[in-house]
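S.K.: For reference, the structure I am asking about is given below.
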Amino acid sequence: LAVCLAHERPPSVPCSRRQAPLGTDAMAQQQLVQQPPTQAGGDALMGDGQTQAPGAWQQLEQLEGSGINAADLKKLKEKGFHTVEAVAHATRKELGEIKGISDQKVDKLLAAAHKMVDMGFSSATEIYQQRQETLHLTTGSKDLDDLLRGGIETGSITEIFGEFRTGKTQLCHTLCVTTQLPLEQGGAEGKAMYIDTEGTFRPERLCEIAEKYGLDGADVLDNVAYARAYNSEHQLQLLAEAAGMMSDTRFGLIIIDSATGLYRTDYSGRGELSARQMHLAKFLRALSNLAAQFGVACVITNQVVAQVDGGASFGDNKKPIGGNIIAHASTTRLYFRKGRGENRVCKVYDSPCLPEGEATFAIHGAGIGDAAE
16 LAVCLAHERP PSVPCSRRQA PLGTDAMAQQ QLVQQPPTQA GGDALMGDGQ
66 TQAPGAWQQL EQLEGSGINA ADLKKLKEKG FHTVEAVAHA TRKELGEIKG
116 ISDQKVDKLL AAAHKMVDMG FSSATEIYQQ RQETLHLTTG SKDLDDLLRG
166 GIETGSITEI FGEFRTGKTQ LCHTLCVTTQ LPLEQGGAEG KAMYIDTEGT
216 FRPERLCEIA EKYGLDGADV LDNVAYARAY NSEHQLQLLA EAAGMMSDTR
266 FGLIIIDSAT GLYRTDYSGR GELSARQMHL AKFLRALSNL AAQFGVACVI
316 TNQVVAQVDG GASFGDNKKP IGGNIIAHAS TTRLYFRKGR GENRVCKVYD
366 SPCLPEGEAT FAIHGAGIGD AAE
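Just add 15 to the spot in the sequence shown (first one is 1) and you have the numbering used here.
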């Protein structure tokens, strides 16, 4: 089943109200021409001449000139650098490791990028105003949305961990649909990206969930880009490809289900623990960069293991794997556990802005919904 954007659709709105969709031709991209956002049905959602503010990132081609040519930009794109911001945020070491990019060229790239990207201080007022424009994706459950103050936050990483059959993958499928909803319905009017490491993605579930929200199933599938990751290196490589797709087409969500599964098999024993954690940290940093550059919601699922050292967490002996690396990289951490029947319980385990609390939701035929009585 071809779900990876079988045909081109009008670009969707990104996850920040400040950003504007880019056109599909080069001229529109370079000039940041504003176009009306579209939903899964393809109809324009804005009228009366309303437009969005300029986009939050700049196309890599704007660096061309002053000793930087098209061949250099091609080499950058091959390594996952698709925006001016990506270059500005990179270290000299990262850029210097690209074959064909000399130390002198690195200096020119960084100098040009830093002139175009503001990386200095801003007032708390400015950050506050930006935060007011952050979108939240509805989970399908009112109680869960209330717990998260609107839903899954865009522009940051949300980690969901728990045992099997606690609803992690079901929430991921639901979010693939709700991110395509209009803003006033808790969506981002954007496409979704799904990186599957365990083979649990089921497109037919998307069609069932789409029916609940009144969306056409075929349109929903076209707006979900899917890839299966076969090892941890491939998983990281897919993020580089994702950056290229996001620089051309508007996405509201990227899902990695699960982020840690392949690391448990690719690295074994304490002898490889350091190498595993270093590679995992590199992956999470790349994911964080996607969230910062494109304002997408990044949702990762995580597995748990039994704790045998006597220090029980969350009132039981389960703890998420990945250690401090994944704990520090995740902005919001949600712990899922089983409830009665089809009900599940979500606990806010860690968040910079959400208080600790719990909400009960349920898994229905049409995805995540309110808890059954």
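Cβ coordinates follow ideal geometry from the N, Cα and C atoms, glycine included.
Just to confirm, is the Cβ distance from I113 to N317 under 8 Å?
M.R.: The criterion of a C-beta distance shorter than 8 Å is not satisfied by I113 and N317.
S.K.: Quick check on P218: does DSSP put it in helix, strand or coil?
M.R.: helix
S.K.: Could you tell me how far apart the beta carbons of Y209 and V239 are, in whole angstroms, since I believe they sit closer than 8 Å?
M.R.: Rounded, the Cβ-Cβ distance is 6 Å, consistent with contact.
S.K.: In chain order, which continuous runs of the beta strand (DSSP E) of length 3 or greater are located wholly inside the stretch 115-194?
M.R.: 172-177
S.K.: Using 8 Å as the threshold, is the C-beta distance between D161 and A381 below it?
M.R.: no
S.K.: Cβ-heavy atom distance between T375 and the ligand FMN below 7 Å?
M.R.: In the structure on display, the ligand FMN does not appear, and there are no ligands present to speak of.
S.K.: For T347 and F136, I'd like the C-alpha separation in whole angstroms.
M.R.: 24 Å
S.K.: S273 to G337, Cα distance in whole Å?
M.R.: 12 Å
S.K.: Could you check the C-alpha separation between L150 and V360 for me, to the nearest Å?
M.R.: Going by the C-alpha atoms only, they are around 24 Å apart.
S.K.: Could you tell me which of E93, L124, K92 and K89 sits nearest to T106, measuring between CA atoms?
M.R.: L124
S.K.: Below 8 Å on the Cβ atoms is my guess for D87 versus K120; work out the distance and round it to an integer in Å.
M.R.: 6 Å
S.K.: Give the straight-line distance between the Cα atoms of S156 and Q185, rounded to the nearest whole angstrom.
M.R.: 12 Å
S.K.: State buried or exposed for D237, treating a residue as buried only when at least 16 other CB atoms are found within 10 Å of its CB.
M.R.: buried
S.K.: Can you tell me where the alpha helix (DSSP H) holding G111 begins and where it ends?
M.R.: R107 to G111
S.K.: Going along the chain, which residues of its own chain have a beta-carbon closer than 8 Å to the beta-carbon of T201, five neighbours each way excluded?
M.R.: Note that residue 201 is Gly in the sequence shown, not Thr. Here the set comprises H151, L152, T153, D160, G165, G166 and T193.
S.K.: Grab the span of the alpha helix (DSSP H) containing F351 for me, first residue to last.
M.R.: Residue range T347 to K353 is occupied by the beta strand (DSSP E) that includes F351, with no alpha helix (DSSP H) assigned at that position.
S.K.: Taking the Cβ atom as the reference point for each residue, do T417 and F351 lie within a distance shorter than 8 Å?
M.R.: In the structure as shown, the chain starts at 16 and stops at 388, and residue 417 therefore has no counterpart that could be examined.
S.K.: Tell me, please, which residues DSSP counts as bridged to Y241.
M.R.: Y209
S.K.: DSSP on Y278, reduced to helix/strand/coil?
M.R.: Three-state DSSP puts Y278 in a helix.
S.K.: Going by CA-CA distance only, name the one from L91, E168 and G284 that's closest to S366.
M.R.: E168
S.K.: Assuming G338 is part of the alpha helix (DSSP H), what are its boundary residues?
M.R.: G338 to A344
S.K.: Write down the C-beta distance between G267 and G205 rounded to the nearest angstrom, noting that I regard them as a contact closer than 8 Å.
M.R.: The pair is a contact, with the Cβ atoms about 3 Å apart (cut-off 8 Å).
S.K.: Name the two residues that bound the continuous beta strand (DSSP E) containing H379.
M.R.: E373 to H379
S.K.: Quick check: A101 and N358, are their CB atoms within less than 8 Å of each other?
M.R.: no
S.K.: Helix or strand or just coil, what does DSSP make of L268?
M.R.: strand
S.K.: Can you give the Cα-Cα distance for L221 and L253, rounded to whole angstroms?
M.R.: 22 Å
S.K.: By Cβ distance, which residues of its chain are closer than 6 Å to G372, with the 5 residues on each side in sequence left out?
M.R.: So the qualifying residues of the chain are L162 and V363.
S.K.: Can you give me the Cβ contacts of A377 inside the same chain, cut-off strictly under 6 Å, excluding the 5 residues immediately before and after it?
M.R.: E357, N358, G384, A386 and A387
S.K.: What does the alpha-carbon distance come out to for the pair G232 and E223?
M.R.: 8 Å
S.K.: For the putative contact between I83 and C187, defined by C-beta atoms under 8 Å, what is the C-beta separation to the nearest angstrom?
M.R.: 39 Å between Cβ atoms; not a contact.
S.K.: Mind checking P335: buried by the 16 CB within 10 Å criterion, or exposed?
M.R.: buried
S.K.: What residues match up with G382 in a beta bridge as DSSP calls it?
M.R.: H379
S.K.: Taking the Cβ atom as the reference point for each residue, do G177 and V319 lie within a distance shorter than 8 Å?
M.R.: yes
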